[in-house]
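A.B. asks: Residue numbers (numbering that gives the first Met the number 0), protein chains in the order written: chain A, 0 to 122; chain B, 0 to 122.
Number of protein chains: 2
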Amino acid sequence: MPNTLEPVSLTVEMPTIMAYARLTDDYNPIHVDRDFAEKTEMKGIIAHGTMSLNLIWQSLRKTLGTAAMKDARLDIRFVRPVREDDVVTGGGVEKEGEPGTYEVWVRNQKDEPVITGTATVQP
Amino acid sequence: MPNTLEPVSLTVEMPTIMAYARLTDDYNPIHVDRDFAEKTEMKGIIAHGTMSLNLIWQSLRKTLGTAAMKDARLDIRFVRPVREDDVVTGGGVEKEGEPGTYEVWVRNQKDEPVITGTATVQP
């Protein structure tokens, strides 16, 4: 089993955010209303958290296969918002001496962590 | 602060799965190729895990507001696949004596757990 996960990236453009809103029926104005979003503490549009989280999932599955994902466990923290036009990348590395346990992350184009945590899959 | 989260539901139809595949660029055949999927251990199409997870996120935010979601932490387990035409509902309840910590879940139309775990948000 490889011990570094294959990274998976996504460019978070406004049409992608709108499509995600439609799909999940989640039209919170912080995601879809620029005027509203700019007046909040966030100072602009942010992407749905689970849109970025999907990159960790994809990275795990791309590297380890679907079977490994059965009963997968994620323990993650959303540490920084993802903004319009950010490029986010999900990846991870297996923990030394802990087969099936991965330190996982999503990072933005400035290499800042967006999501950090641990994933446990079938070893 | 309310101690029961407002439930959020989603009907997982094939067009939704296809749209999610396009959006996340995740065309794993277990999600999009019925012939392939039926020959696997899963015995049919399953939805992307993070599509269901989004319901927990939405349920938290709908009930508690966007501000509560800053530095949110999720510790969750994917316990059962979500299949085509399943109706899944995300929700949760605050843990007794632990403000900001919620037992969270996604359940299918048979009331079987699909995702279970804990979410920690700003109390």
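All C-beta atoms in this analysis are idealised placements derived from N, C-alpha and C, irrespective of residue type, glycine included. None of the values given here were measured: they were computed from a predicted structure.
#1: Does chain B have any CB closer than 8 angstroms to the CB of Gln57 of chain A?
#2: When you compare the CB positions of Asp84 of chain A and Val7 of chain A, do they come within less than 8 angstroms of one another, or not?
#3: For the candidate residues B:Lys94, B:Pro28, B:Thr100, B:Leu22, whose alpha-carbon lies nearest to that of Leu73 of chain B?
#4: With three or more C-beta pairs closer than 8 angstroms as the rule, is the segment 63 to 70 of chain B touching the segment 106 to 119 of chain A?
#5: Could you tell me which of A:His47, A:Arg76, A:Thr23 sits nearest to Ser51 of chain B, measuring between CA atoms?
#6: At a Cβ threshold of 8 angstroms, is Arg33 of chain B touching chain A?
#7: Ignore the nearest five residues each way along the sequence and tell me which others in Gln108 of chain B's own chain have a CB closer than 7 angstroms to its CB.
#8: CB Leu63 of chain A to CB Val105 of chain A, shorter than 8 angstroms?
#9: Would you report the Cα separation of Lys94 of chain B and Arg76 of chain B, rounded to the nearest angstrom?
#10: Could you check the C-alpha separation between Arg79 of chain B and Pro112 of chain B for me, to the nearest Å?
#11: Would you verify that the beta carbon of Leu73 of chain B is, or is not, closer than 8 angstroms to some beta carbon of chain A?
#12: For chain B, find out if any of its Cβ atoms is closer than 8 angstroms to the Cβ of Asp84 of chain A; answer yes or no.
#13: Taking the straight line between their C-alpha atoms, what separation do you get for His30 of chain A and Trp56 of chain B?
#14: Using a C-beta to C-beta distance shorter than 9 angstroms, which residues of chain B count as neighbours of Ile106 of chain A?
#15: Any beta carbon from chain B within less than 8 angstroms of Thr23 of chain A's own beta carbon?
#16: Near Ser58 of chain A, what residues of its chain come up, given a Cβ to Cβ distance below 8 angstroms and the 5 sequence neighbours on each side ignored?
#17: DSSP three-state label for Arg79 of chain B, please.
C.D. replies: In this structure, then:
#1: The residue given as residue 57 of chain A occupies position 58 in the first sequence. Answer yes: the Cβ-Cβ gap between Gln57 of chain A and chain B drops below 8 angstroms somewhere.
#2: Here residue 84 of chain A refers to the residue found at position 85 of the first sequence. Here residue 7 of chain A refers to the residue found at position 8 of the first sequence. Contact flag unset, no.
#3: Taking the first residue of the second sequence as 1, we reach residue 73 of chain B at position 74. With distances taken between Cα atoms, Leu73 of chain B lies closest to B:Thr100.
#4: Look at the beta carbons and you see the segment 106 to 119 of chain A not touching the segment 63 to 70 of chain B: under three pairs across the two are nearer than 8 angstroms.
#5: As a first step, residue 51 of chain B is located in the second sequence; it is residue number 52 there, counting from the start. Measuring from the Cα of Ser51 of chain B, the nearest candidate turns out to be A:Thr23.
#6: On the second sequence, position 34 is the one that residue 33 of chain B refers to. Output row for Arg33 of chain B: interface = no.
#7: Mapped onto the second sequence, residue 108 of chain B falls at position 109. So the qualifying residues of the chain are Asp85, Val86.
#8: Residue 63 of chain A sits at position 64 when you count from the first residue of the first sequence. Residue 105 of chain A sits at position 106 when you count from the first residue of the first sequence. No. Outside cutoff.
#9: Counting from 1 along the second sequence, the entry for residue 94 of chain B is found at position 95. Counting from 1 along the second sequence, the entry for residue 76 of chain B is found at position 77. Their backbone Cα atoms lie some 18 angstroms apart in a straight line.
#10: Residue mapping note: residue 79 of chain B aligns to position 80 of the second sequence, counting from 1. Residue mapping note: residue 112 of chain B aligns to position 113 of the second sequence, counting from 1. Taken atom to atom, the span from the alpha-carbon of Arg79 of chain B to that of Pro112 of chain B is near 7 angstroms.
#11: Your numbering for residue 73 of chain B matches position 74 in the second sequence. By this cut-off, Leu73 of chain B is an interface position.
#12: On the first sequence, position 85 is the one that residue 84 of chain A refers to. Taking 8 angstroms as the CB threshold, Asp84 of chain A stays off the interface with chain B.
#13: On the first sequence, position 31 is the one that residue 30 of chain A refers to. On the second sequence, position 57 is the one that residue 56 of chain B refers to. Their Cα atoms are separated by approximately 14 angstroms.
#14: Mapped onto the first sequence, residue 106 of chain A falls at position 107. Reading off the sequence, residue 106 of chain A comes out as Arg, not Ile. Those within 9 angstroms of Arg106 of chain A in chain B number zero; the least Cβ separation is about 16 angstroms.
#15: Position 24 of the first sequence, counted from the first residue, corresponds to residue 23 of chain A. Residue-level contact check: Thr23 of chain A touches chain B, since one or more beta carbons of chain B fall below 8 angstroms from its beta carbon.
#16: Taking the first sequence and counting its residues from 1, the one referred to as residue 58 of chain A is at position 59. Within the same chain, Ser58 of chain A has close Cβ partners Leu4, Glu5, Pro6, Val7, Gly89, Gly90, Gly91, Val103.
#17: Against the second sequence, residue 79 of chain B aligns to sequence position 80. Arg79 of chain B carries a coil assignment under DSSP once its states are collapsed to helix, strand and coil.
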